[in-house]
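What the sequence shown shows, in my numbering, is residues 1 to 324, in sequence order.
For glycine and all other residues, C-beta sits at the position ideal for the given N, C-alpha and C.
Everything on this sheet refers to the single structure shown next.
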Amino acid sequence: MDWARPSIQRELQKAISGRVLLGASMKAYTSFRIGGSADLMAFPGSKEELRRLLSKIDAIDLPYKVIGKGTNLLVTDQGIRGLVIKLNDDFHGIGTQRTLPDQNSQGEEVFMRVKAATPMKKLLSHCLARGYGGMEFAVGIPGTFGGAIVQNAGSRFGEIREVLHSITLMDSKKAIWKRSAKELKFSYRNLELPVKTIVLEGLLRLQKTMKEEIKRRLREGMRLRTQSQPIGLFSAGCIFKNPPKGSAGKIIDDCGLKGLRIGDAQVSPKHANFIVNQGNATARDVLELIDLVRRKVRERRGIELSLEVKVFGEGIEFSPDGAR
Ligand code: EPU
């Protein structure tokens, strides 16, 4: 169904002060710079606006997806039918901290409230400026804090679940819940939440740390990334999850697939688990390249790679775990 109708746009606009766009190109909202348009796109600026928007959505059974900075996302060329929600305004921010003496170490624990739309980069600079340690594993992870939570973002130095104390979320009935991290079902690059749940904020548990030490860890993490990853090019980060044994990047590299190209989509010559958009790649180019890489890795190594990036939009031929 085509939801790109001015009458629906006008109705949604009554719920929020931020923009409601008709036919926004998802190229502008993804780090891959790929994708067709979303029928509708809305930018609610507060919990109240989000509630009002969800009421309008319920009334007409409008399908929707929430996105952050679109840094782990491939949108199909046909685009997204329904509404894309991007949290704005009041969903940014890092709140007041409570500090408690840590029972388990000599250090001091710091609790920091971070709203979902806060960019990870901003969060890391905030931690450095105040001498709060624990988030350094995330240096170079793009996107928003909410996006990092729902995907349990991480690196070889750690993942978000290790520093998360609790989260606040809005369920499909617009009720607001708090959940302790211990109750949540985190796994490798995933957090299992009931459908239509929107993460509003998270409470981090960090440690007072010498700024020099934080700076050293950030520099080292960034050095490793810059050395091995195609930073600055259009991509969605790692395409495949690492299989239980080994690294997807090394496996793809060992199969000789670095540089493999379909249209403007290319297996990065620098890190084989990245696909880069060399200019005008289409989602179809990327999906065909993903398929080709998976097929060759299956044939040559007997390993089944599953997707780490999320694929949204009409015409998806991939199941959620990346298998056809
Ligand atoms: N390697 C190769 N060739 C390649 C790529 C990697 O031989 O083309 C080798 C490396 O030399 C290294 C090993 O494979 O010995 C592992 O590589 P790397 O350190 O780059 O780590 P990774 O397992 O490929 C993971 C995360 C990255 C994260 C890095 C660094 C996944 C799927 N990937 O990559 O996360 O940045 O560790 O901590 O878990 C992402 O989530 O989007 C992402 C990029």
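| field | Residues near PRO320 by beta carbon distance below 6 Å, same chain, minus five either side | value | Confidence at PRO320 is low in this model, with a pLDDT of 43, below 50, so the placement of that residue is unreliable and no value is reported for it.
| message | Whole angstroms are fine: how far does the CA of GLN151 sit from the CA of ARG225? | response | So the alpha carbons of these two residues sit roughly 20 Å apart.
| field | Per-residue burial, MET41 [other beta carbons within 10 Å of its own, 16 or more giving buried] | value | Under this definition MET41 is a buried residue.
| query | Is the CB-CB distance between ASP89 and SER46 below 8 Å? | reply | ASP89 is a Cβ neighbour of SER46, given a cutoff of 8 Å.
| field | contact_flag[the segment 169 to 183, the segment 251 to 271] where n(CB pairs < 8 Å) is 3 or more | value | With contact defined as three or more Cβ pairs closer than 8 Å, the segment 169 to 183 and the segment 251 to 271 are not in contact.
| At a cut-off of 7 Å, is HIS271 close to the ligand EPU when judged by its beta-carbon and the heavy atoms of the ligand? | Yes, the ligand EPU has a heavy atom inside 7 Å of this Cβ.
| field | Where THR282 falls: helix, strand or coil (DSSP) | value | Residue state, collapsed to three classes: coil.
| Cα separation between ARG324 and VAL293? | Residue confidence is low: ARG324 scores 34 on pLDDT, short of 50, so the model does not pin down where it sits. No coordinate-derived value is stated.
| query | Closer than 7 Å: is that where the CB of SER247 sits relative to any heavy atom of the ligand EPU? | reply | SER247 Cβ: within cutoff of the ligand EPU.
| If you check the beta carbons only, do LEU325 and ILE149 fall under 8 Å apart? | Past the edges of the chain, shown from 1 to 324, lies residue 325, and the structure says nothing about it.
| query | Alpha carbon to alpha carbon, what distance is there between ARG52 and SER25? | reply | Each residue's alpha carbon lies about 25 Å from the other.
| field | Beta bridge counterpart(s) of THR99 as assigned by DSSP | value | Per the DSSP secondary-structure output, THR99 pairs in a beta bridge with VAL110.
| query | Buried or exposed: where does ILE60 fall if 16 or more other Cβ atoms within 10 Å of its Cβ makes it buried? | reply | By the neighbour-count criterion, in which 16 or more other beta carbons inside 10 Å mark a residue as buried, ILE60 falls on the exposed side.
| said: Please classify GLN9 as buried or exposed, where buried requires at least 16 neighbouring CB atoms within 10 angstroms. | reply: By the 10 Å Cβ count, GLN9 comes out buried.
| query | Touch check for the segment 124 to 131 and the segment 206 to 220: three-plus C-beta pairs under 8 Å? | reply | Flag = yes, the segment 124 to 131 and the segment 206 to 220 touch.
| Straight-line Cα distance separating ASN280 from ILE198 | If I take the Cα positions, the gap works out to 32 Å.
| said: Quick check: what's the CA-CA separation for THR96 versus SER235? | reply: Approximately 34 Å between the Cα atoms of the pair.
| message | Less than 6 Å between C-beta atoms, sequence neighbours within five positions excluded: which residues of the same chain meet that for LYS69? | response | The beta carbon of LYS69 sits closer than 6 Å to the beta carbons of GLY143 and THR144 from its chain, once the five residues preceding and following it are set aside; these are given in chain order.
| said: Strictly by DSSP, which residues pair up with GLN207? | reply: Answer is GLU109 and GLY133.
| Alpha carbon to alpha carbon, what distance is there between SER17 and HIS271? | The straight-line gap from Cα to Cα measures roughly 42 Å.
| query | Is GLU159 buried or exposed, if buried means 16 or more other CB atoms sit within 10 Å of its CB? | reply | GLU159 comes out buried.
| message | Assuming contact is defined by CB atoms lying nearer than 8 Å, are ASN273 and GLY246 in contact in what I supplied? | response | No, they are not a contact pair.
| message | Just checking: is the beta-carbon of GLN266 within a distance shorter than 8 Å of some beta-carbon in chain B? | response | Judged by its chain identifiers, the structure shown contains no chain B, having just a single protein chain.
| GLN151, DSSP secondary structure in three states | Taken through DSSP and simplified to helix, strand or coil, GLN151 comes out as coil.
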